[in-house]
Amino acid sequence: MKSQYWRLAFGLITSFVVNSASAQRVDLEVQKILGQSFQAKGIAGLDRLVQDENQALCSDEKLRSSKAGLAKQAQLQKVALAAIKPPSDGIYVGDWKSGERIAQSGRGSTWTDAANTTNGGSCYNCHQIDKKEISHGNIGPSLIAYGKTRGYSEEITKYTWNRINNSKAYNACSNMPRFGHFQLLTEQQIKDVLALLLDPQSPVNQ
Amino acid sequence: MADPMRVRATESGGVVDVKILMKHDMETGQRKDSSGKTIPSWHIAHVAIKAKDKEVFRGQFGTAISKDPFLNVKFKGAVKGDEVVVSWVDSKGESRTDKAIVS
Amino acid sequence: MNKQRRSVVQITALIGLMVTTGLISQSQAQDWNKAAFDGKSLDDVMKALGASGFEKSNAITLNAPDIAENGAVVPVGVVTSLKATQMAILVEKNPSALAAQFFFPEGAQPFVTTRVKMAQSSNVYGLVKADGKWFVASKEVKVTLGGCGG
Amino acid sequence: MIKKILVGVIFSFSHSFVFAQSNAEEIAKYRQMIADGNPSELYEAAGEELWKKPAGPKNATLEQCNLGLGPGVVQGAFAQLPRYFSDTKRVQDVESRLMTCMETLQGIASQDVIKESFGKGLRKDIEALTAYVVTASKGAKVQVLAAHPQEKKMFDLGKKIFNYQGGPMDFSCASCHAEDGKRIRMQDLPNLTLAKGAVEGWGSWPAYRVSSGEFWTMQRRLNDCFRQQRLPEPIYGSEGTIALSMYMAKTAHGGVIQTPGLKR
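If you're matching them up, the sequences are chains A, B, C and D in order. First residue of the first sequence? That's 1 in the working numbering, and the numbers climb one at a time after it. First residue of the second sequence? That's 1001 in the working numbering, and the numbers climb one at a time after it. First residue of the third sequence? That's 2001 in the working numbering, and the numbers climb one at a time after it. First residue of the fourth sequence? That's 3001 in the working numbering, and the numbers climb one at a time after it.
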């Protein structure tokens, strides 16, 4: 059973290598060991070890900062930006209270979660947001007074929308997950998180 | 049978300092298992410490005491080389007794 | 009620001395202060302990952190210059407020440290009974969310 | 306008800095308060018993187990792991080596440990044994140079896995553990790519985890890291996990082992 899984994954990996061989080097030895070292569990299948172009590039410390790597990053950013969809009803700003709950939650998508578990945004894991929450990470920048300091312009709103949807549209090797791209958050959830940052009533802007 | 405790007793200036670690899950009765069933409460209820056949401390624990309970108490009336005996009884009636020599 | 309880404690202590294996006699084991441990609110517990008329006291030091990295283990210590015969640790916002109760026979020092679970940020109370009266010190402990939260 | 933004940014930065610092002090105080009385000791005691108790189809103890310093030598053994073992022709960490000893000395199949869950059955025994073994290296210095070609190979592999991004959140180990001074929520993240951070990380695990009330070995630590990375599950004692340990241990070479630690 297990070996069946990894053979499946290895098949996926191999086909990916063929598809993107021109894009970057994929380390076959690493892929092989990973295929042997992991097992599917719950909703986390071995397919999750298959890298897309962006992940493969950013995993290669040397390549990503080389001249060719930087050019590749710029190209990936362009593609990512073009793929972001604006809100279907044209409304960007949702409910900041719901946004705060999403920002607090680090749940979803792990092998202990059910397929229908609502994902959180895990925002506080890396960002300071509402200053009342003292338990916040610092991998990402502080977002205190986000709207107050940047303003509530259309430009800032669209930029923020894009950044939550796909941070890699601005920095291909950003540490921030691609919430829209991988449908980690729904459109409504993204609106609500955006509201947490850009609603003048949000505690972030008090 | 219940797992052993770790008991340390040190004497300084006539006061014996006793540090105890007990191995116990201390189930609150609030947790649910993976199938959604409530796990019944199960906790150490009584702790007693004796030195030279005399009780020097007694305590009662509720479910809010942390898993693998830690207890630090002090008493007078024993010297280096004396034996300190610690016992607990839990809410299911299981018990454990361990000893340490005062150093 | 209080007087009655104390006499029960004394009798069971005597029985305890006669038991050679283990230190806790059967009757002692049955003497668990159910009413106090079952009490939900601070008031319930204070009543069950007979401590409703408690006084605040500077002679009690409650050692607990301002912020706990995890609510599953919050160190709490009580030490006093009073002649304590009993102590108790209460967490106001826990489902049942009483965490532990301690008895100090002759020779015991009025000092105890243990670790409690806290469901959320709350006031923590250290109670001391001395000369038949209850005294209290309290402090707020913030419980933080930690880790990746998955 | 720009000036206004700048002032805002500086203000919020300094504000958060002061705030974070006082909180960090309070958290440090909390850790100090619970440092005395680490329940890891209970696991260590259980492990020592298991080490000396005959078990398995061969009804033998583990007292002749060779952890790299000769049969039966426990003192300081963890400090030189992972390492290459000529009998198994593999690089092994403490847990996979204990499985080997159980298999060869006691006749207990490693597969029976691998298929168990953490904290249960034979896996629980290995965890307790690990507590016993690692505690006997507390205060020793990490001695992992990866001089053997197989060890070097595992180090290189470990480094690549460390940087390997995958899953729906694009995470790799490096996403959280490749810079100094970073935190998730209030938990410090050691920079495992440099000696100082590697010692903090490698040197303080295994540890008693306060949040779950259990003793966590490095295999379990890695397992939960991958879970949080939204990746599939690393197989217990697999090459990939040992490679990561080799990467951390060699980077931590010379640092003092603090394990078993006490963690959130």
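Glycine included, every Cβ here is placed at the ideal spot set by N, Cα and C. As the structure is a prediction and not an experimental result, all values here were calculated from the model.
Check: Reduced DSSP category for MET3186(D) - H, G, I as helix; E, B as strand; rest coil; Outcome: coil
Check: Cα-Cα separation, GLY2053(C) to ALA2137(C); Outcome: 14 Å
Check: Classification of TYR152(A) by the beta-carbon crowding that lies within 10 angstroms, buried from 16 upward; Outcome: exposed
Check: Neighbourhood of SER3172(D) by C-beta distance below 6 Å, restricted to the same chain and skipping five residues each side; Outcome: ASN3163, TYR3164 and GLN3165
Check: Extent of the continuous alpha helix (DSSP H) to which GLN73(A) belongs; Outcome: 67-83
Check: Buried versus exposed call for PRO3234(D) [16 or more other C-beta atoms within 10 Å across all chains shown]; Outcome: buried
Check: Close Cβ partners of LEU185(A) (< 8 Å) along its chain, the five nearest in sequence each way excluded; Outcome: ILE102, ASN119, GLY121, ILE164, PHE179 and VAL193
Check: 4 or more residues per run - each alpha helix (DSSP H) lying fully within the stretch 2021-2102 of chain C; Outcome: 2026-2029, 2034-2038 and 2042-2049
Check: SER2057(C) versus GLY2132(C), VAL2141(C), GLY2146(C) and GLY2126(C), residue with shortest Cα-Cα distance; Outcome: GLY2126(C)
Check: Cβ of GLY106(A) within 8 Å of any chain C Cβ; Outcome: yes
Check: Under 9 Å (Cβ pairs) to chain C, residues found in the stretch 128-145 of chain A; Outcome: GLU133, ILE134 and SER135
Check: Interface positions of the stretch 2108-2135 of chain C facing chain B (Cβ-Cβ less than 7 Å), listed along the chain; Outcome: ALA2108, GLN2109, PHE2111, VAL2112, THR2113, THR2114, ARG2115, VAL2116 and LYS2117
Check: TRP111(A) in three-state terms, based on DSSP; Outcome: coil
Check: Per-residue contacts from PRO1004(B) into chain C (C-beta, under 7 Å); Outcome: Chain C residues near PRO1004(B): none, gap ~14 Å exceeds 7 Å.
Check: Residue closest to THR3130(D), alpha-carbon to alpha-carbon, out of LEU3050(D), GLN3143(D) and ALA3195(D); Outcome: LEU3050(D)
Check: Buried or exposed by the 16-neighbour rule on C-beta atoms within 10 Å, applied to PRO200(A); Outcome: exposed
Check: 6 Å Cβ shell around GLY137(A) - same chain, five flanking residues per side excluded; Outcome: ASN125 and CYS126
Check: 7 Å Cβ cut-off: residues of chain D touching PHE1070(B); Outcome: GLY3037
Check: Option nearest ALA3045(D) by Cα separation, candidates ALA3195(D), GLU3179(D), THR3241(D) and ASP3125(D); Outcome: ASP3125(D)
Check: Straight-line Cα distance separating ALA3128(D) from GLY3076(D); Outcome: 17 Å
Check: Where ASN116(A) meets chain C, residues with beta-carbon distance less than 7 Å; Outcome: None at all; the shortest Cβ gap to chain C is about 16 Å.
Check: Where the beta strand (DSSP E) through PRO2171(C) begins and ends; Outcome: Absent from the structure is residue 2171(C), since the part of chain C shown begins at 2001 and ends at 2150.
Check: Selection from SER174(A), SER167(A), LEU143(A) and HIS181(A) that minimises the alpha carbon distance to SER202(A); Outcome: LEU143(A)
Check: DSSP-derived helix/strand/coil call for GLY2126(C); Outcome: strand
Check: Same chain only: Cβ atoms within 8 Å of SER3137(D), ignoring 5 sequence neighbours per side; Outcome: GLN3075, GLY3076, ALA3077, PHE3078, ALA3079, ILE3257 and THR3259
Check: ALA2108(C) and GLY1062(B) closer than 8 Å at C-beta; Outcome: no
Check: Cβ of GLN3228(D) within 8 Å of any chain C Cβ; Outcome: yes
Check: Backbone CA spacing between GLY45(A) and GLN31(A) [nearest angstrom]; Outcome: 15 Å
Check: Closest residue to GLY3254(D) among GLN3092(D), ILE3161(D) and GLY3203(D) (Cα-Cα distance); Outcome: GLY3203(D)
Check: Sub-8 Å separation of VAL3094(D) and TYR3236(D) beta-carbons; Outcome: no
Check: Beta bridge counterpart(s) of SER1087(B) as assigned by DSSP; Outcome: ALA1048(B) and THR1097(B)
Check: PRO2095(C) vs ALA2119(C) beta-carbon contact at 8 Å; Outcome: yes
Check: Backbone secondary structure at ASN3023(D) - three-state DSSP; Outcome: helix
Check: Pair within 8 Å by beta-carbon distance, SER1041(B) and THR1028(B); Outcome: yes
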